[in-house]
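The number in our numbering is simply the position in the sequence shown, starting from 1, with 1370 added.
Here the structure is laid out as structure tokens; the discussion comes afterwards.
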Amino acid sequence: MININKQTGATLVGQMIGMLVSMLAILTCVSMHKSLMQVTVEAKTNAVFDRQISSALLQLQYDLHNAGIGIDSATANDVVAVSNAAGESLFWRFNDAGTYTCLGVREEAYVDAQTQLAGRRLLELQASANCTASSDLASLTWQATATLAQFRNQTNTLFAFEVVQARCTPYGLGQAENHLQVNIDTVTSAQLAGANVSAIEYQYCLANTHI
């Protein structure tokens, strides 16, 4: 009689099944890691974008403090919003002991020199000449003095400027009076991602513009 001994080790089929399960587990881990990394990178990119927007608005608010200084009766010609082929711009002037200075900001398109990717940037400007009490701010020659923010790989217009007359008070303190007010519409990373949210409007009451 032939004795058949029962196999006690791992079979080839069992080893192949084990390898298949291991490979599936590894692929699942790799897929999860990729998804987590993608979410992390996108979240970081969105956070950087929103921080740049906030930082630019804060600096712009600081720059606007001098709008209208030394001008007894400010008009809409002293703070001007312009939208044209050059970009979205905001210009203003002030008078320091009889010397007028014309400043501004402009959002414009640019191409990154290293990556050749298109982007948007917000520049601080100063008129190179002919800044007077009556000069047309929109027609002056402007030179960039600093970059407030750069938004790489971004082609959407990010800022829209508007100047209105309003009864307002800076920071909501004190009694409201007639001043020029700058309204700035801007976007968040959520809007750029397609979320159904409204644009954000910031209102800056220009306390030194007396109407």
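For glycine and all other residues, C-beta sits at the position ideal for the given N, C-alpha and C.
Check: Does the pairing of the segment 1569–1581 with the segment 1536–1548 give three or more beta-carbon distances under 8 Å?
Finding: Judged by Cβ distances under 8 Å, the segment 1569–1581 makes contact with the segment 1536–1548, as three or more pairs qualify.
Next item on the list: Please confirm if the segment 1505–1525 is in contact with the segment 1467–1484, defined as three or more CB-CB distances below 8 Å between the two stretches.
Entry: yes
Notebook entry, point to check: With distances taken from CA atoms, which of LEU1495, PHE1521 and ASP1466 is nearest ALA1514?
Noted result: That would be LEU1495, whose Cα lies nearest to the Cα of ALA1514.
Next item on the list: Check the Cβ-Cβ distances between ALA1426 and every residue of chain D, and say whether any is below 9 Å.
Entry: Structure shown: chain D not included; a single protein chain is present.
Margin query: Between the alpha carbons of ASP1442 and SER1459, how many angstroms are there, rounded?
Written below: 25 Å
Next item on the list: Could you name each continuous beta strand (DSSP E) segment of 3 residues or more that falls completely within the segment 1406–1468, going from the start of the chain to the end?
Entry: 1449–1454 and 1457–1466
Next item on the list: Starting from the Cα of LEU1487, find the closest Cα among ARG1522, LEU1394 and ASN1447 and give me that residue.
Entry: ARG1522
Item checked: Delimiting residues of the alpha helix (DSSP H) encompassing GLN1561 -> 1559–1562
Check: With contact counted as at least three CB pairs below 8 Å, one residue from each stretch, are the segment 1524–1535 and the segment 1554–1570 in contact?
Finding: yes
Check: Using DSSP with H/G/I as helix, E/B as strand and the rest coil, what is LEU1543?
Finding: Looking at LEU1543 - three-state DSSP - the assignment turns out to be coil, as it is neither helix nor strand.
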